[in-house]
Amino acid sequence: MKLTTKGRYAVTAMLDLALHGDQGPVSLADISARQEISLSYLEQLFSRLRRQKLVISIRGPGGGYRLSRNADEVYVAEVVDAVSESLDTTRCGNKGDCQNGEKCLTHHLWSDLSDQIHQFLSQISLGDLMKKREIRNVADRQNRLQSSGVDSETINTERLSDQAAV
Numbered sequence: 001m002k003l004t005t006k007g008r009y010a011v012t013a014m015l016d017l018a019l020h021g022d023q024g025p026v027s028l029a030d031i032s033a034r035q036e037i038s039l040s041y042l043e044q045l046f047s048r049l050r051r052q053k054l055v056i057s058i059r060g061p062g063g064g065y066r067l068s069r070n071a072d073e074v075y076v077a078e079v080v081d082a083v084s085e086s087l088d089t090t091r092c093g094n095k096g097d098c099q100n101g102e103k104c105l106t107h108h109l110w111s112d113l114s115d116q117i118h119q120f121l122s123q124i125s126l127g128d129l130m131k132k133r134e135i136r137n138v139a140d141r142q143n144r145l146q147s148s149g150v151d152s153e154t155i156n157t158e159r160l161s162d163q164a165a166v
């Protein structure tokens with residue numbers, strides 16, 4: 001399966017929004033800082049998420065984004081689908097022309113795997129992810145770094161230093 005950056009970032013940003021949405025609208029700048037995703041990329045993703053009615057934008061001072069419905073009702077597959085991300089594991093884009101214009105020997109195997117992956121992600125809500133202790137721990141760490149005023153460049157430098165020391 002090839003899930004590109006677009007799908008991964010969309011899910012990450014939506015999970016961040018779900019985790020912080022109880023405090024009011026969440027700005028893309030805050031998501032950008034916490035998740036180290038460029039603001040312009042987030043703007044593109046949220047434009048698609050808004051068109052698919054997964055988020056609501058709030059204008060004006062203190063504005064930002066909110067989920068359009070409860071986190072328990074927003075599924076990972078919906079987010080990936082909203083940004084036009086394919087979960088296709090076939091070589092041919094599931095067109096059935098993988099071998100000289102015909103289906104290859106394993107086309108149905110990979111097509112079935114794509115369906116299973118989509119079905120799996122259709123059963124996991126943002127609310128389910130929010131309940132995971134590991135995810136809460138990461139969110140708490142990100143919040144501490146953001147509230148301490150450490151910028152993402154410093155965070156990246158610290159990570160590289162830590163990795164070099166190992």
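Going by UniProt numbering, 161 is the number at position 161 of the sequence shown; the sequence numbering is gapless. Ideal Cβ placement from N, Cα and C applies to all residues, glycine included.
- Nearest neighbour of Asn137 by Cα position, chosen from Asp97, Asp30, Asp16 and Gln123, turns out to be Asp16.
- The Cβ atoms of Leu49 and Ala10 sit closer than 8 Å to each other.
- For Gln52, same chain residues with a beta-carbon under 7 Å away, outside a window of 5 residues either side, are Ala82 in chain order.
- Under the three-state reduction of DSSP, Leu39 is assigned to helix.
- For Thr12, same chain residues with a beta-carbon under 8 Å away, outside a window of 5 residues either side, are Gln35 and Ile37 in chain order.
- The beta carbon of Phe46 is closer than 8 Å to those of Ala13, Leu28, Val55, Ser57 and Tyr65 in its chain, skipping five residues each way along the sequence.
- Around the beta carbon of His20, 16 or more other beta carbons sit within 10 angstroms, so the residue counts as buried.
- Take Leu113, set aside five residues on each side of it, and the residues of its chain with a beta-carbon closer than 6 Å to its own are Thr89, in chain order.
- Restricting attention to Lys95, Leu126 and Gly60, the CA atom closest to the CA of Pro25 is found in Gly60.
- In the three-state DSSP reduction, Leu54 falls in the coil class, being neither helix nor strand.
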